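Numbering (the numbering used here), first residue to last: 10 to 419.
Structural data, given as structure tokens:
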């Protein structure tokens, strides 16, 4: 405790933001697994279960857009604590007796959880910018990598936790087991998180939600296509393919995805060590091209009827390259954002992220049902090519910025 007290204030605040984000992430992953397993056992069809998460993704798009504005106006401590509180409220909605847990009620609870998740994420990512000095690029990259990577690893752990809690305490007991520690974290956050963290120095106007710099716009579009490229084959198509073609059980699929997400998160956490320099538009373009190469090899493997081993190796390589892409994206949005109102830019960016996930999820089910997994991989390759195109535009933005600065000095 004495060591913590002796740390500088920004470091202590970063630790508190991280604890807040970690606590939320574990419950988010566990809740998703609880709902899938419990309501599948109750006789819900896969389509009904998928519908439960539509509002979760849809409201994420809206929340990121409006949440950034509220964060700049009210302070990130307010939006982060509100996100935790809404997650507690969403969990409490699931404590009703089983007959009252209708599809509409569950969709409403998931909508609330989706709002909570994106308020919390936007606040955590934005807070890092407020806690580092403008010239501390490597420290910023390190903190963003660790926060983003640990979040994904803990979400995978949350999948395991959800299954364990369901076996030990059944559904209601499992929900209570998630609620109680989250309430404690929320209380700590309300008391200890610095007031007005990340609050804009000027009064942000509502029209600023969409008025962004070329760098922010190009990075956001690249992010949209990057995450659409993953979810168009990963969310629905891949689990169904593993079940129908290789006869994997639900537990095998769930465990594999949990391990994949944990590994993906660990790679993200080490991205600042694996990178030889601070990310920029050029490095992002190179990584996008590398990801396109990986997905193209996976697509070509279907002409030779891929085995389980081939597909698993491809998925592991994809995880490494995608994690590095995502980590550099997460750093660049913080780096490019306006220090005076960082949450406006971050909220806009993660709106694009949520939109890509939503479109990818919907297309994953439709395209797989009509044409199969190879068609999903083809759409994924097209999305990655578009992500690379817009990432490459960032290199032009960098050049223009350098020329402008040279002209200013002259």
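The beta carbon of each residue, even a glycine, is placed where N, CA and C say it ideally should be.
Here the structure is a predicted model, which means the values were calculated and not measured.
Between residue 228 and residue 298, the C-beta gap is not smaller than 8 Å, which leaves the two residues out of contact. With contacts defined by Cβ atoms closer than 8 Å, residue 172 and residue 46 form a contacting pair. Taking one beta carbon from each stretch, the stretch 246-255 and the stretch 374-390 have 3 or more pairs nearer than 8 Å; the two touch. Nearest Cα to residue 187 within the set 339, 368, 38: 38.
Setting aside the 5 residues that flank it on each side, residue 294 is surrounded in the same chain by 397, 400, 401, 404, each with a C-beta closer than 7 Å to its C-beta; the list follows chain order. Less than 8 Å separates the beta-carbon of residue 367 from that of residue 70. Taking the Cα positions, residue 245 is about 30 Å away from residue 191. Between residue 235 and residue 365, the C-beta spacing is below 8 Å. Here DSSP, grouped into helix, strand and coil, assigns residue 176 to helix.
In terms of Cα proximity to residue 65, the closest of 316, 381, 93, 117 is 117.
Only residues of its own chain outside the window of five on either side were considered, and among them 308 have a CB closer than 8 Å to the CB of residue 387, listed in chain order. Between residue 389 and residue 304, the CB-CB gap stays under 8 Å. Of the candidates 114, 115, 360, 158, 158 places its Cα closest to the Cα of residue 281.
Leaving aside the five residues that flank residue 67 on each side, the residues in its chain whose CB is nearer than 8 Å to its CB run, in chain order, 120, 123, 367. A buried status is given to residue 184, since no fewer than 16 other beta-carbon atoms sit within 10 Å of its beta-carbon.
Excluding the 5 residues flanking it on each side, residue 291 has same chain C-beta neighbours closer than 7 Å at 404, in chain order.
With a cut-off of 8 Å on Cβ pairs, the stretch 147-154 is not in contact with the stretch 126-133, counting fewer than three such pairs.
By the C-beta density criterion, residue 358 is buried, having at least 16 other C-beta atoms within 10 angstroms. In the DSSP assignment, residue 324 falls within the alpha helix (DSSP H) that extends over 317-345. Using a Cβ distance threshold of 8 Å, residue 198 and residue 25 count as a contacting pair. Contact between residue 276 and residue 328 holds: CB atoms are separated by about 7 Å, below the 8 Å threshold. Residue 195 sits in a helix when the DSSP states are folded into three classes. Taking residue 99 as the centre and dropping the five residues before and after it, the same chain places the C-beta of 118, 121, 122, 125 closer than 7 Å to its C-beta, in chain order. Our two residues, residue 48 and residue 104, have alpha carbons roughly 14 Å apart in a direct line. Spanning the alpha carbons of residue 162 and residue 43 requires a straight line of approximately 18 Å. Close CB contacts of residue 360 within its chain, under the 7 Å cut and outside five residues either way in sequence, are with 70, 73, 74 (chain order).
Residue state for residue 368 is assigned as helix, using DSSP reduced to three classes.
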